[in-house]
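If you read the sequence shown in my numbering, its first letter stands for residue 87, the second for the next number, and so on. Glycine included, each C-beta is placed from N, C-alpha and C at the ideal position.
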Amino acid sequence: MTDQAASASKLETEVSQLRCIACGVVRQSGATNVRCAQCGDLLEVVYPGWRTSAGMRAGGLEAAALKQLWRRRRTSCEALDESGVWRFREVLPAMEDWAHVITLREGNTPLYELPSCARAAGVRQLYAKHQGMNPTGSFKDTGMTAAASFAHEGGFRWVACASTGNTSASMAAYAARAGMRSLVLIPQGQITWGKLSQALDYGAVTCQLKTDFDGCMRVLDEVVQRMPVYLLNSVNPYRLEGQKTAAVELLERFEWQVPDHVIVPGGNLGNSSALGKALLEMMDLGLISRLPKLSVIQAEGANALVRTMRETGGKKLIPVHAETMATAIRIGSPASWKKAVRVLEATGGEVEQVSEVEIALAKAEIGADGIGCEPASAVTLAGLKKLVKQGFVKKSDSVVLILTGNLLKDPDFTLKFHRGDLFAGTPMEEEAESVLTPRQRAPMVLDASANTVIKVLEHAERVEP
Ligand code: F0G
């Protein structure tokens, strides 16, 4: 460990606390219960120690020094510095011993321009921050490195999560790296094979429960009450601290110039909460001088936040029975809804919902830019198109889509899309045919002859010059 890390560690243990988002009760960081002992609501990590007599400082450093230190670490070969999460450890809760950090060198994900998607959406500057380029293929790794490290430091033998697939893949990997056992609860038949196979490969005890995600969550809540198992869902406040770093990394990549909009998919609403928390903290620390608007997009069939905002002004959760082909966000009762509402209000962002056909089209459009993502990530582009039409996003605005999962997480969806099977036999079949057919490229089975292949090539050139 470097001297700098050691002094940051000492400072941070004094500065971060866990605070209940509802009743405000505070306790020292490091406690293992993820809910408030007083009222049962969610906890969040807060950093009262950042407020010093010399102004706001993290790890004892003011904004310019933080920017320099984080940049310098990009050339370091130390594990902590190579991680795109722990590189920013001054804005994370400190470990008692940094040697307990479990890292797969997560984060450091690319920012891509999306030229053809920009044209489709009608904006000039469109970027994708691709969190699907993380070690297990989703944004979950950035949060998992943080929470799994605290579980490891806390001496837990078992960690557990309920999941629509990505959390379980990520948790299983980090648990394995730490030598911990992992328990996965997933809704039977509702997660993709890619994600399920990851959990198995990393050695998780995997239970497919005969219920949906929300049902898995309820069962898990009871399991962790009764057994010494550490909960690694995004209700765990340390998960969100790790996930914050995607926003820090994004703004560093923009040289701390702030884009006008950041657009993120909404499922259990941990990620939008984490990214929003990062933006607010960066404002507090003077790293940025204004906030981007953070908007959350949901699938129409899993639109609890949209309904909550529209029907109650964000005051009371309206749970829904979730149904969408974007299985990662098939969630009806999002745990972090209060945190997400706070972020929407603080940044002036919007909520929007998109249809299954809109999701499928947007996914193909992102693929056509050579990037690719899983369906849940594509809601961002579909939502952006709507926000542009409504005038909320202006043509001249700069926009960043957070792509949360890798294309290879759900190859079934992509194959069905191109074969034209995705909406076959559903009420959306006709609409899908008219909107999606031009984008479909079904694989062809041909005789093994050059002539046949050349004919196909010539035909393709004629149809799409
Ligand atoms: N995109 C992907 C690819 C996801 O896997 C998830 C959530 C989300 C978006 C939504 O993020 O829940 O923070 O609002 N997946 C969780 C899981 C629920 O179990 O893998 P959120």
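Touching by the beta-carbon criterion (3+ pairs, under 8 angstroms), the stretch 239-248 and the stretch 205-218: Counting Cβ pairs under 8 angstroms, fewer than three are found: no touch.
Collapsed DSSP secondary structure at R191 in the structure displayed: Reduced to three states, the DSSP call for R191 is coil.
Own chain, CB closer than 8 angstroms to E544, minus 5 neighbours either side, in chain order: Excluding positions up to five away in sequence, the list is empty.
Identified DSSP bridge partners for I383: Partner(s): P351 and E438.
Inter-residue Cα distance where the pair is E460 and G141: CA-to-CA, the gap between E460 and G141 works out to about 43 angstroms.
Buried versus exposed, by CB contacts within 10 Å (16 or more), E397: Of the other Cβ atoms in all chains shown, fewer than 16 fall within 10 Å of the Cβ of E397; this residue is therefore exposed.
Separation of A332 from E182, as counted between CA atoms: Their Cα atoms are separated by approximately 24 angstroms.
beta-carbon E519 near the ligand F0G non-hydrogen atom, thresh 7 angstroms: No, the beta carbon of E519 sits no closer than 7 angstroms to any heavy atom of the ligand F0G.
Counterpart residues of T292 in DSSP-defined beta bridges: The bridge partners DSSP lists for T292 are V270.
Check whether A321 and S162 have beta carbons under 8 angstroms apart: The sequence shown places Val at residue 321, not Ala. Their beta carbons are not under 8 angstroms apart, which means V321 does not touch S162 by this criterion.
Beta-ladder partner(s) of V485, from DSSP: Per DSSP, the beta bridge partners of V485 are L212 and H347.
Cβ-based neighbour list, A233, same chain, cut-off 6 angstroms, excluding 5 preceding and 5 following: Excluding positions up to five away in sequence, the list reads L318, N322, Y324 and R325.
Local conformation of G280 per DSSP, three classes: Under the three-state reduction of DSSP output, G280 falls in the helix class.
Three-state secondary structure (DSSP) of G141: G141: strand per DSSP, three-state reduction.
Cutoff 8 angstroms; reference A94; Cβ partners in own chain excluding five residues on either side: Because A94 sits at a pLDDT of 44, beneath the cut-off of 50, its placement in the model cannot be relied upon, and the point is left open.
Beta-carbon proximity check, G418 vs V437, cutoff 8 angstroms: With a cutoff of 8 angstroms on beta-carbon distance, G418 and V437 are scored as not near each other.
Backbone CA spacing between G372 and E308 [nearest angstrom]: The C-alpha of G372 lies about 42 angstroms from the C-alpha of E308.
W172, DSSP secondary structure in three states: When DSSP states are grouped into helix, strand and coil, W172 belongs to the helix group.
Continuous alpha helix (DSSP H) stretch holding W342: start and end: W342: not part of any alpha helix (DSSP H); DSSP gives it neither H nor E.
As assigned by DSSP and simplified to three states, the class of C125: C125 sits in coil when the DSSP states are folded into three classes, being neither helix nor strand.
Check: N354 C-beta below 7 angstroms from any heavy atom of the ligand F0G: Yes; taking the cut-off as 7 angstroms, the Cβ of N354 has a heavy atom of the ligand F0G nearer than that.
The stretch 529-543 touching the stretch 460-469, judged by at least three CB pairs closer than 8 angstroms: With the cut-off at 8 angstroms, the stretch 529-543 and the stretch 460-469 do not touch.
Inter-residue CB distance, A360 and G229 (contact presumed, cutoff 8 angstroms): Contact holds; Cβ gap of about 7 angstroms.
Inter-residue CB distance, G280 and K495 (contact presumed, cutoff 8 angstroms): For G280 against K495, the beta-carbon gap comes to about 5 angstroms, under 8 angstroms, which counts as contact.
Euclidean distance between Cα positions of T500 and I452: T500 and I452 have their C-alpha atoms some 12 angstroms from each other.
Distance between K153 and S283 (C-alpha atoms, nearest Å): Those two C-alpha atoms are separated by around 39 angstroms.
8 angstroms Cβ cutoff met for A446 and F503: Result yes, Cβ atoms of A446 and F503 sit closer than 8 angstroms.
Contact set for V542: own chain, Cβ-Cβ below 8 angstroms, skip 5 residues either direction: Only M530 and L532 meet the Cβ criterion.
Where D373 falls: helix, strand or coil (DSSP): Correcting the residue identity first, residue 373 is Leu in this sequence and not Asp. In the structure shown, L373 falls within a coil segment according to DSSP collapsed to helix, strand and coil.
Segments of 4+ residues assigned as alpha helix (DSSP H) that fall wholly inside the stretch 490-528: Segments of the alpha helix (DSSP H) lying fully in the stretch 490-528: 497-505 and 515-522.
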